[in-house]
Structures are given as C-alpha cells and as structure tokens.
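**Q** Just dropping this structure here.
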Amino acid sequence: MNLQSLLFMAGLVICASTLYGLRREHIRAEYSIGWLAAGAVLAAAGLFPGGMQAVSAGLMDVQAGFLIGAGALLAGLVFWTTRLVSRLWDERVMLAQRAAILEFRMRRDNQPKGIEGEMESE
Amino acid sequence: MGEVVRSVHEAAPGVPVIVIDDHSSDRTVAVAERAGADVVRLPVHLGLGGCVQTGYKLALELGCNFVIRVDGDGQHEARDIPRILGALESTGSDVVIGSRFIGGQGTGHEMRTSAARSIGIALLRRLLASITGSTVHDPTSGLIGVNRRALEVFAREFPLAWPEIGVLAMLRRHDLRFHEISCRMRQRRTGKSSLTAWKSCQYIFHVLLYAFVHVLRVHAAPGAKR
Chain A
340 MNLQSLLFMA GLVICASTLY GLRREHIRAE YSIGWLAAGA VLAAAGLFPG
390 GMQAVSAGLM DVQAGFLIGA GALLAGLVFW TTRLVSRLWD ERVMLAQRAA
440 ILEFRMRRDN QPKGIEGEME SE
Chain B
36 MGEVVRSVHE AAPGVPVIVI DDHSSDRTVA VAERAGADVV RLPVHLGLGG
86 CVQTGYKLAL ELGCNFVIRV DGDGQHEARD IPRILGALES TGSDVVIGSR
136 FIGGQGTGHE MRTSAARSIG IALLRRLLAS ITGSTVHDPT SGLIGVNRRA
186 LEVFAREFPL AWPEIGVLAM LRRHDLRFHE ISCRMRQRRT GKSSLTAWKS
236 CQYIFHVLLY AFVHVLRVHA APGAKR
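Protein chains in written order, with this note's numbering: chain A, 340 to 461; chain B, 36 to 261.
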C-alpha cells in the first residue's frame, strides 16, 4: 500500500467514523465538522495527488505536505476537544453538586425539623 | 458506614453528620440514614474530590464555622474529632490534618508501615514540602478539619482529581495555615485501599505535576502570595 492509498483510506475511515458517530448521536453535529473536513482533505490528498501538487508546489513533497497539514489539523482538534471536555467535566461536576444540594435541602425542608433547624438550635 | 456514623454521633453529640453518597449502588444511603446521618445523594459518580467539595459547599450554605471530614471506611477514630475541632480553635489554623505518622514512640498513635511504603512516604514528604513550604507527615489523611475561611476557599475551588495533593498545593496559594495532630488509625473495615502499586506511581507523577502547576499558578495570579 503506497502513501496515496494510505491517505485515502485514512480519510475515509475518519469520515465514516464521524458519520457513524453522528448517526448514533455519539458526537455532536458542530464538533463533527472539523473531523469531516480533516477526513475529506486526507481523502482528497490521496485521490488527487496531481491536483494537490499545484497547492503545495515548491514547498515539499505533496503527500508529505498534506500529511503534515492533516496531522496539524488533527492535533489542533484534539487539543480543542481536550479543552472542551475539561470545561464540560467541570460544569458537569458543578451541576451534579448543585442538584444534589438542592435535592437535599428540599428533602430536609419537607421534614419537620431539618438540619438547619438542628444548627439553629445549637 | 452505619458504625462510622454512630461513632461520630457518640464522639460529637448534637453535631450534624452529613454523608455524601457518590452515586453508590449498595445500601450506603439506607444504612447511613438509619444510623442517623443526613445524606446528600449525588446524581452521578464524581469521585473523591467532587464528593468532598459537595460537602464543603453544603456546609458553607448551612452556615457552618467548622467542618470535620471523615472517610467512610471506618479507619479513623471518631474520638479524634473533638481533638481536631479543639486544634482548629486553639491554634487558629485554617486546616487541621489528623496524621497517622506523628505522635512519637509509645503513644500508640504511630502507624506501622512497610519499609517500601515508608521510603515512598518520605519521598512524598520531601516533594510536598516544596509545594506547601513545610512538611506534611500524612498527605493522604482522610481526617481533616477546616474552619470557615478554608471552607469558603474549598467551596469555591477544589481539586477534583487527586484532591489530597491539590489541596496541599492550594493551602500555600491561598495563604491558609495548616496544622497536624496525631490521630489513631485502624485497619479499614470496609472497601479496599485505592493506592495500588500502579496508583502509587501515578501519585508521585501527580505530585510532580501539581508542584509544577502550583508554581505556574502562583506566578500567574496577580498579587498572589508565595
């Protein structure tokens, strides 16, 4: 398998995985755009090395250029995803804590003497 | 869990006991409530850091001036709770840690550990000393008392992953004073220690990571005290 075929296959796998994730609702639509774009670029680089030659003419070997470009794009996406997941994780924890505390206080308010009552009496 | 709650009630009568249930699938909630605790039920599993911070947030909302955190595995002696509270009041410290590793020979407070573990702990102490500015004998203690000032800080900001180390890094960053007192420890009654050999390696890695993050944040915060 040469580099062109590898690029094309990698592009297809990325696009197919992203579409599958979209279909099964494992990935949000807005986050799929970058992955689809990366997959399309990789597949195009594998399919049309001649066409891509014009874009990267004089810079470096066309496949290597696109491989580096796609790699950089993927790295950027992973970094952005990490930031997103981190933020979502923090928000999830905050929401879960808020929900648990509110539920606790509602439950206590419905009892004759809640923990606040105990504390007030001390 | 039931025994832990009952022993806390006996050691500190009249003091509210709140159990944070980390979305457990066993009978923790029922057992704790039957023993006389108020239970906060987390809707999803958050891990140790998320759990402890939930307790701090609730305590702050309820207007508590002091909070003593006790692990639910029954390793701590509830009789040490009044001593932790006393130390918070008498020393003026913001955080008081119940330590297994201080107390001196013959007091019965010192904890027996293997040679390998002792070496690991000694190494950790040195690393953590660079973060906190002073030696912490028992960085993984689950018996910790905090006053209102520390409570306000921890309710706002608390490390979710590896909270034991993260908290120690926070002490210095927020200029919180801490104090250690000797406490008795028993073999755990329920559950297993989370510190396996692999976790111990991760632990040391995270100590180094937190030391680095601590340095970054201290220098990033305008007007922050070292």
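Note that beta-carbon positions come from the ideal geometry of N, C-alpha and C, so glycine has one too.
Being a predicted model, the structure only gives us computed values, none of them experimental.
Give the straight-line distance between the Cα atoms of A/Met348 and B/Leu186, rounded to the nearest whole angstrom.
**A** Against the first sequence, residue 348 of chain A aligns to sequence position 9. Against the second sequence, residue 186 of chain B aligns to sequence position 151. When rounded, the distance between both Cα atoms is 55 Å.
**Q** How far does the alpha helix (DSSP H) with B/Leu93 in it extend, from its first residue to its last?
**A** Along the second sequence, read from residue 1 onward, the residue named residue 93 of chain B stands at position 58. Judged by DSSP secondary structure, B/Leu93 falls within the alpha helix (DSSP H) whose first and last residues are Gly82 to Glu96.
**Q** Report back the beta-carbon spacing between B/Asp173 and B/Ile132 to the nearest angstrom; my notes put them in contact at under 8 Å.
**A** By one-based count along the second sequence, residue 173 of chain B stands at place 138. By one-based count along the second sequence, residue 132 of chain B stands at place 97. That belief holds up - the Cβ atoms of B/Asp173 and B/Ile132 are roughly 6 Å apart, short of 8 Å.
**Q** Between B/Val39, B/Ala122 and B/Val40, which lies nearest to B/His214 when the distance is taken from Cα to Cα?
**A** Start at 1 with the first residue of the second sequence, and residue 214 of chain B comes out as number 179. Considering only alpha carbons, the answer is B/Ala122.
**Q** What is the DSSP secondary structure of A/Leu346, reduced to helix, strand or coil?
**A** Reading the first sequence from its first residue, position 7 is the one you call residue 346 of chain A. DSSP places A/Leu346 in helix when its eight states are reduced to three.
**Q** Under 7 Å, CB to CB, which of the residues in the segment 360-391 of chain A have a partner in chain B?
**A** Those residues of the segment 360-391 of chain A that come within reach of chain B (Cβ to Cβ, closer than 7 Å) do not exist; the list is empty.
**Q** Starting from the beta carbon of B/Gly168, find every residue of chain A whose beta carbon is closer than 8 Å, and list them in chain order.
**A** On the second sequence, residue 168 of chain B is found 133 positions in, with the first residue counted as 1. Under the 8 Å cutoff, chain A gives no residues; its nearest Cβ is about 28 Å from B/Gly168.
**Q** Where B/Ala65 and B/Val50 are concerned, what is the direct C-alpha to C-alpha distance, given to the nearest angstrom?
**A** Within the second sequence, numbered from 1, the residue matching residue 65 of chain B stands at position 30. Within the second sequence, numbered from 1, the residue matching residue 50 of chain B stands at position 15. So the two alpha carbons sit approximately 20 Å from each other.
**Q** So the beta strand (DSSP E) B/Leu178 belongs to, where does it begin and stop?
**A** Position 143 of the second sequence, counted from the first residue, corresponds to residue 178 of chain B. It spans Leu178 to Asn182 - the beta strand (DSSP E) in which B/Leu178 sits, taken as one unbroken run.
**Q** Can you list, in chain order, the residues of its chain with a C-beta nearer than 8 Å to that of B/Pro48? Leave out the 5 residues immediately preceding and following it.
**A** If you number the second sequence from 1, residue 48 of chain B lands on position 13. Once the five neighbours on either side are set aside, B/Pro48 has no close Cβ partner at all.
**Q** How many Å lie between B/Leu211 and A/Arg444 at the Cα?
**A** One-based indexing of the second sequence puts residue 211 of chain B at position 176. One-based indexing of the first sequence puts residue 444 of chain A at position 105. Cα to Cα, the separation comes out at about 30 Å.
**Q** So, using beta-carbon positions, are B/His111 and B/Gly37 closer together than 8 Å?
**A** Working through the second sequence from its first residue, we reach residue 111 of chain B at position 76. Working through the second sequence from its first residue, we reach residue 37 of chain B at position 2. No, Cβ-Cβ distance for B/His111 and B/Gly37 is not below 8 Å.
**Q** For B/Ala46, would you say it is in contact with chain A, using Cβ-to-Cβ distances shorter than 8 Å as the test?
**A** Reading the second sequence from its first residue, position 11 is the one you call residue 46 of chain B. Taking CB atoms only, B/Ala46 has no neighbour in chain A less than 8 Å away.
**Q** On a Cα-Cα basis, can you pick out the residue from B/Arg160, B/Glu124 and B/Leu95 that is closest to B/Ile137?
**A** Taking the first residue of the second sequence as position 1, residue 137 of chain B is located at position 102. Of the listed residues, the one whose Cα sits closest to B/Ile137 is B/Arg160.
**Q** At what residues does the alpha helix (DSSP H) containing B/Ser59 begin and finish?
**A** As a first step, residue 59 of chain B is located in the second sequence; it is residue number 24 there, counting from the start. Careful: B/Ser59 lies outside any alpha helix (DSSP H) and carries neither H nor E.
**Q** Thinking C-beta only, is B/Met220 closer than 8 Å to B/Arg114?
**A** Position 79 of the second sequence, counted from the first residue, corresponds to residue 114 of chain B. Position 185 of the second sequence, counted from the first residue, corresponds to residue 220 of chain B. No. Outside cutoff.
**Q** Between the segment 68-88 of chain B and the segment 162-173 of chain B, do three or more beta carbon pairs fall short of 8 Å?
**A** No, the segment 68-88 of chain B does not touch the segment 162-173 of chain B.
**Q** Rounded to the nearest angstrom, what separates B/Cys236 and B/Leu243 at their Cα positions?
**A** If you number the second sequence from 1, residue 236 of chain B lands on position 201. If you number the second sequence from 1, residue 243 of chain B lands on position 208. If you draw a straight line from the Cα of B/Cys236 to the Cα of B/Leu243, it is about 11 Å long.
**Q** To test your reading of the DSSP string, which unbroken beta strand (DSSP E) runs of 3 or more residues are found completely within the segment 154-210 of chain B?
**A** 178-182
**Q** Examine chain B for any beta-carbon lying closer than 8 Å to the beta-carbon of A/Phe405, and answer yes or no.
**A** Reading the first sequence from its first residue, position 66 is the one you call residue 405 of chain A. For A/Phe405, the answer is no, since every Cβ of chain B falls outside 8 Å of its Cβ.
**Q** Just by C-beta distance, which residues in the segment 422-441 of chain A are closer than 8 Å to chain B?
**A** Going along the segment 422-441 of chain A in chain order, one finds Trp428, Asp429, Arg431, Val432, Ala435, Gln436, Ala438, Ala439 and Ile440 with a Cβ nearer than 8 Å to chain B.
**Q** Which value, in whole angstroms, describes the spacing of the CA atoms of A/Arg362 and A/Gly408?
**A** To locate residue 362 of chain A, count along the first sequence from 1; it is residue 23. To locate residue 408 of chain A, count along the first sequence from 1; it is residue 69. Straight-line Cα distance between these residues: approximately 28 Å.
**Q** Starting from B/Arg135, find everything on chain A with Cβ-Cβ shorter than 9 Å and list it in chain order.
**A** In the second sequence, counting from the first residue as 1, residue 135 of chain B sits at position 100. Ordered by position in chain A, no residue passes the 9 Å Cβ test against B/Arg135, which lies about 29 Å from the chain.
**Q** CB B/His44 to CB B/Val52, shorter than 8 Å?
**A** In the second sequence, the residue the question calls residue 44 of chain B occupies position 9. In the second sequence, the residue the question calls residue 52 of chain B occupies position 17. A contact, by the Cβ cut-off of 8 Å.
**Q** Taking 8 Å as the threshold (C-beta atoms), are B/Val171 and B/Leu203 in contact?
**A** Along the second sequence, one-based indexing puts residue 203 of chain B at 168. Along the second sequence, one-based indexing puts residue 171 of chain B at 136. Going by C-beta atoms, B/Leu203 is nearer than 8 Å to B/Val171.
**Q** Tell me whether B/Met220 sits in a helix, a strand or coil according to DSSP, three-state version.
**A** Translated into positions along the second sequence, residue 220 of chain B becomes position 185. If DSSP states are grouped into helix, strand and coil, B/Met220 belongs with the strands.
**Q** Quick one, which of B/Gln88, B/Gly109, B/Glu199 and B/Ile239 has its alpha-carbon nearest B/Ile154's?
**A** For this step, residue 154 of chain B is matched to residue 119 along the second sequence. Minimum Cα-Cα distance from B/Ile154 among the listed residues B/Gln88, B/Gly109, B/Glu199 and B/Ile239 corresponds to B/Ile239.
**Q** Check distances from the C-beta atoms of the segment 69-81 of chain B to those of chain A and list, in chain order, the residues that come in under 7 Å.
**A** Asp73, Val75, Arg76, Leu77, Pro78, Val79 and Leu81
**Q** Would you verify that the beta carbon of B/Thr126 is, or is not, closer than 8 Å to some beta carbon of chain A?
**A** Walking along the second sequence from the start, residue 126 of chain B turns up at place 91. So, not an interface residue.
**Q** Helix, strand or coil for B/Ile137 per DSSP?
**A** Numbered from 1 along the second sequence, position 102 holds the residue referred to as residue 137 of chain B. The answer is coil: DSSP assigns B/Ile137 none of H, G, I, E or B.
**Q** Can you name the residues of chain A whose CB is closer than 9 Å to the CB of B/Leu195?
**A** Numbered from its first residue, the second sequence carries residue 195 of chain B at position 160. Under the 9 Å cutoff, chain A gives Trp428, Asp429 and Val432.
**Q** Note down, in chain order, each residue of its chain lying with its Cβ closer than 6 Å to the Cβ of B/Gln88, except the 5 sequence neighbours on either side.
**A** Here residue 88 of chain B refers to the residue found at position 53 of the second sequence. Close CB contacts of B/Gln88 within its chain, under the 6 Å cut and outside five residues either way in sequence, are with Phe193 (chain order).
**Q** Taking 8 Å as the limit between beta carbons, can you name the residues of its chain near B/Arg76, skipping five residues before and five after?
**A** As a position in the second sequence, residue 76 of chain B is number 41, starting the count at 1. Counting only Cβ-Cβ distances below 8 Å, and skipping sequence neighbours, we find Asp56, His58 and Val64.
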